[in-house]
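**Q**
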Amino acid sequence: MDLRSAALLPAWLLLLAAAAAAAPAAGPAELPSYVELCDRNHPERDACYAESLQRLLPILANGSQELGLAALDPHLLPEMLLQYKQGQVAGKMLIRNTRSIGLTSAQVLAVRSNLNDSNKFHMEVDLYFPRIFMEGDYKAQGKIVVFPIEGKGVYNISLTGVSTTWNLTGTHIKKRNQGYVRLDHFYMFPEVEDMKVYASNLFTGNEDFNRAALQFANDFWPVIYEELLPFANEAWDKVMRASANKVFLKFPFDTLFPAA
Ligand SMILES: *[C@@H]1O[C@H](CO)[C@@H](O)[C@H](O)[C@H]1NC(C)=O
Ligand SMILES: *[C@@H]1O[C@H](CO)[C@@H](O)[C@H](O)[C@H]1NC(C)=O
Ligand SMILES: *[C@@H]1O[C@H](CO)[C@@H](O)[C@H](O)[C@H]1NC(C)=O
Ligand SMILES: *[C@@H]1O[C@H](CO)[C@@H](O)[C@H](O)[C@H]1NC(C)=O
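Numbers -22 to -1, 1 to 238, taken from mature numbering (1 follows the signal peptide of the UniProt record, and there is no 0), label the letters of the sequence shown in order.
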């Protein structure tokens, strides 16, 4: 950008700000037509939600501007912090630039909802993911089971047969005189049939230690996974809640869950 156009920039910003101020206040957002709605008082509503979500998932692969959601498959997660403490053992793992594949291939098995309570929102979704592959950068410090780790590198995880329940709880709130739900928690404790992990540089350059630790991790992943799961649940809660709240806080409750 040359000096002249740079000097023009503030004028443009002022014009834009004025245009935004002059625009009529937008009403509550409307859902795109590919979201199939269900009558929340219908006796079969949960089956309807399950079908609707099942059809929606692959559509969200590339994200949705209308819903304000980034691409789901592949899904990019800039950062997640996993902090754990088990007795005397504590550690943390910062996971960056994670790219996940397979999230939209899930089968939606069942939905259980309680939408009639004016205080609390509660919905559970049972899902099965045939395969999930994740890769990214990590930085770790501490101990996992018996292994002290202190490293920085790349990792990847291949998961097969992942079963989970998404447990969503929320509170009804008012925004501009409209009722919305704000999620308080998005819990999950996935069960995994098989897992393969790879990580480079777990011991800052010691390849033999790295190989041994990976061998251990791949032989005994169920033990490690069980130990980390409650802490992973906390980390996922933050990430998933923030994503889901983009939708929940954008569309009024009556828009997302209309009653006939
Ligand atoms: C929710 O409450 C409405 C009004 O009281 C009632 O008609 C409806 O059957 C209830 N729905 C469920 C799923 O309990
Ligand atoms: C997502 O984008 C890719 C690449 O542009 C395209 O091949 C694919 O069909 C799109 N998927 C959906 C569900 O729109
Ligand atoms: C995980 O990364 C390692 C090292 O880059 C690579 O050899 C391996 O093929 C990757 N795993 C998968 C399933 O891509
Ligand atoms: C779902 O989470 C809530 C707390 O947010 C908890 O009270 C409830 O027991 C959980 N339900 C299941 C089935 O785990």
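Yeah, the Cβ is synthetic: ideal placement off N, Cα and C, and Gly gets one too. Quantities reported herein were computed from a predicted structural model and do not represent experimental measurements.
Which residues in the same chain as T142 place their Cβ atom closer than 6 Å to its Cβ, once the five residues preceding and following it in sequence are excluded?
**A** So the qualifying residues of the chain are L105, M166 and P168.
**Q** Could you tell me which uninterrupted beta strand (DSSP E) segments, each at least 3 residues in length, are contained entirely in the segment 167 to 217, listed from first to last along the chain?
**A** With a minimum length of 3 residues, the continuous beta strand (DSSP E) runs that stay inside the segment 167 to 217 are 169 to 177.
**Q** Quick one: complete alpha helix (DSSP H) runs, 4+ long, within the segment 44 to 108?
**A** For the segment 44 to 108, not a single whole alpha helix (DSSP H) run of length 4 or above is found.
**Q** Quick check on G20: buried or exposed, where buried means 16 or more other Cβ atoms within 10 Å of its Cβ?
**A** Note that residue 20 corresponds to His in the displayed sequence, not to Gly. Exposed.
**Q** Using 8 Å as the cut-off, can you tell me whether the segment 52 to 66 makes contact with the segment 93 to 102, which would need three or more C-beta pairs spanning the two stretches below that distance?
**A** No: the two stretches stay apart, fewer than three of their Cβ pairs being nearer than 8 Å.
**Q** From K70 to I37, what distance separates their C-alpha atoms?
**A** So the alpha carbons of these two residues sit roughly 35 Å apart.
**Q** Label P230 either buried or exposed according to how many other C-beta atoms from any shown protein chain fall within 10 Å of its C-beta, with 16 as the threshold for buried.
**A** P230 comes out buried.
**Q** Work out the CA separation of V89 and E113 for me, nearest whole Å.
**A** Computed Cα separation, rounded: 30 Å.
**Q** Taking 8 Å as the cut-off, does the segment 151 to 158 touch the segment 114 to 134 (at least 3 CB pairs, one atom from each stretch)?
**A** Counting Cβ pairs under 8 Å, fewer than three are found: no touch.
**Q** Quick one: give me the first and last residue of the beta strand (DSSP E) that F164 is part of.
**A** Per DSSP, F164 belongs to the beta strand (DSSP E) from Q156 to Y165.
**Q** Does DSSP put Y27 in a helix, in a strand, or in coil?
**A** It is helical.
**Q** According to DSSP, what are the bridge partners of Q32?
**A** Per DSSP, none; premise fails for Q32.
**Q** Compute the distance between the beta-carbons of T149 and F99, then report whether it is under 8 Å.
**A** Closer than 8 Å, so yes.
**Q** Touching or not, the segment 176 to 191 and the segment 122 to 136, by the rule of three or more beta carbon pairs under 8 Å?
**A** Contact between the segment 176 to 191 and the segment 122 to 136 is present, because at least three Cβ pairs lie under 8 Å.
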